[in-house]
Amino acid sequence: MIFMHPTHTRNSQKMTRSTNVRDIEKYLIKAMPMTESLGFSVRSFSEVQVEISAPLDRNINHCGTAFGGSISVLAILSAWCLVWANVREESPGGNVIICSHSIKFKNAIFSDIRSISESGNLDWNNFRRRVARRGSAKIDVTSRIYSNEIEAATFSGSFAFVKQ
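Per UniProt numbering, the very first residue in the sequence shown carries number 1; after that it's consecutive.
Dropping the structure here:
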């Protein structure tokens, strides 16, 4: 499991609904330092959609295409942020944890990478009720990864939120 803590001690800044995307980027770099090497930027961040992009030149492989590991990390990061966006105010001090994931690569990426995670049909109300009642809950999130406007990969991951 990958552990990512929304109230990580490296960052004492409180994240609120009004927090802008630059503050989210700074937080993610402090909480998860390896993300800085991606050169990522948060394009949108809300309970409904998270979009994160990264430049190809920072994430290129020996074939001149986007490195699969970078694509996976970007997809995990956007999905993790979507879960965090939906629990961060109601349940501060808890942990968002990725339990499992898979990714299917469809097309090579020859441009900057873009990962989009959306709430869509996810039942956040039920998720929040389970967190309130049991102190933890699990939810499956998908991300779509794009090269320009072409879908290049799909990600699905199971995430848990556990109150401390």
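Virtual Cβ for every residue (Gly too), placed ideally from N, Cα, C.
Query, Result
"Determine the extent of the alpha helix (DSSP H) in which V73 is found, giving its start and end residues.", "G68 to V87"
"Can you check the UniProt domain \"Thioesterase putative\" (23 to 161) for any alpha helix (DSSP H) of at least 4 residues that lies completely inside it and give the ranges in chain order?", "68 to 87 and 124 to 134"
"Roughly how many angstroms lie between the CA atoms of K106 and I29, to the nearest whole one?", "29 Å"
"Quick one: what's got a C-beta closer than 6 Å to N148's C-beta in the same chain, skipping five residues either side?", "S111"
"Measure how close the beta-carbons of V83 and I145 come, nearest whole angstrom, since I'm counting them as under 8 Å.", "Not really, about 18 Å apart at Cβ, beyond 8 Å."
"Quick check on E51: buried or exposed, where buried means 16 or more other Cβ atoms within 10 Å of its Cβ?", "buried"
"Compare the Cα-Cα distances from T142 to each of L77, S46 and V42 and report the closest residue.", "L77"
"Does the separation of the CB atoms of F161 and V87 fall below 8 Å?", "yes"
"Would you report the Cα separation of G93 and G135, rounded to the nearest angstrom?", "11 Å"
"Is S70 buried or exposed, if buried means 16 or more other CB atoms sit within 10 Å of its CB?", "buried"
"Flag K104 as yes if its beta-carbon sits less than 8 Å from any beta-carbon of chain B, otherwise no.", "As a matter of chain content, chain B is missing from the structure shown, which is built from one protein chain."
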